[in-house]
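As given, the protein sequences belong to chains D and Z, one line each in that order.
Reminder that position 80 of the first sequence reads as 80 in the numbering used here, one-by-one numbering, no gaps.
Take any residue in the second sequence, count from 1 to its spot, add 154: that is its number in the numbering used here.
Positions of the beta carbon are idealized from the N, C-alpha and C atoms, including for glycine.
Structure, as structure tokens:
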Amino acid sequence: MIKVQREDFDVGAELAAMSRDRENVGAVASFMGLVRDVAGPGELSAMTLEHYPGMTERQLQRLEAEALARWPLDRVLIIHRHGRLLPGDRIVLCAATASHREAAFEACAFLMDWLKTKAPFWKREEIDGKSSWVAARQDDEDAAARWQTDEQSG
Amino acid sequence: MKVLYFAWRRDRVGLSEECVEPPVDVATVGELIAWLAQRSPGHGEAFADPAIVRCAINQDYAKADARFSAGDEVAFFPPVTGG
């Protein structure tokens with residue numbers, strides 16, 4: 001399931017819903033990303049996430065389908081927020097359920113690595129009244145590259 | 155055709171979207187970038203470094219050699235930074 005939304009989400013309720021009435025599920029792995037305070041104490045800092053409505057949902061659905069095809073999973077959940085967020089706010093939740101933990105852990109790592117390089121979101125940081133766009137990181141590209149299959153390279 | 159701009163690429167161009175009619179010999183994403191870059195100083199700045207231009211045709215990623223057609227929605231944006 002994919003959710004792209006401005007509002008916050010209830011992590012406990014979302015994770016509980018994933019395994020409700022699913023007796024074959026023995027593992028729920030999840031990752032949650034939060035806004036870090038990059039400014040330091042005393043300086044107001046905020047982050048605004050812009051996205052490309054339509055393409056975001058399309059790319060996240062593709063990501064969900066790819067995870068379900070690669071691992072023996074029961075369900076996948078991706079929730080990503082947009083709009084203006086403050087330090088400590090939740091940005092993203094990825095979760096995967098499976099019979100066993102290996103598939104759930106791996107799928108969760110895959111979802112985050114691909115999301116970071118493929119989902120059309122852009123962060124703008126506000127520090128001390130000035131706002132600037134966050135630059136993309138090569139580390140994220142490298143992390144996503146490890147999931148590349150032969151047919152996708154080139 | 156409709157062209158969309160996001161994040162700092164939109165700030166440089168000064169528009170979030172525009173309708174353009176490129177000449178017939180502009181058929182690929184790479185050619186469109188070169189043509190759009192001539193439209194204004196802001197466009198020129200937005201497309202100054204083609205290596206960091208990301209493009210989508212009808213909401214799917216497209217590389218510089220991808221071809222587009224007249225009714226397509228083409229979007230240009232910087233490398234993504236979500237998550």
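Contact check for Ala109/D against Phe31/D passes: the beta carbons are separated by less than 9 Å.
At least one CB atom of chain D sits nearer than 9 Å to the CB of Ile206/Z. In the pairwise beta carbon analysis, the stretch 190-206 of chain Z is classified as not touching the stretch 115-133 of chain D: fewer than three pairs are separated by under 8 Å.
Using beta-carbon distances, Thr149/D does not count as an interface residue toward chain Z, since no partner is under 9 Å. For Val11/D, the enclosing alpha helix (DSSP H) has its first and last residue at Val11 to Ser19. Within chain Z, the residues placing a beta-carbon under 8 Å from that of Leu49/D are Gly236, ordered along the chain. Pro72/D is outside the set of residues whose beta carbon lies under 9 Å from a beta carbon in chain Z.
Around the Cβ of Leu60/D, a 10 Å sphere holds 16 or more other Cβ atoms; the residue is buried. As summarised for the stretch 49-122 of chain D, the continuous beta strand (DSSP E) elements at least 3 residues long and confined to that stretch are 73-81, 83-85 and 90-98, given in chain order.
Residue-level contact check: Gln213/Z touches chain D, since one or more beta carbons of chain D fall below 9 Å from its beta carbon. Between Trp133/D and Ala161/Z, the C-beta spacing is below 9 Å. For the options Ala143/D, Leu77/D and Arg81/D, the alpha carbon positioned closest to that of Lys116/D is the one of Ala143/D. Taking C-beta atoms as the reference points, Val35/D and Leu85/D count as a pair closer than 9 Å.
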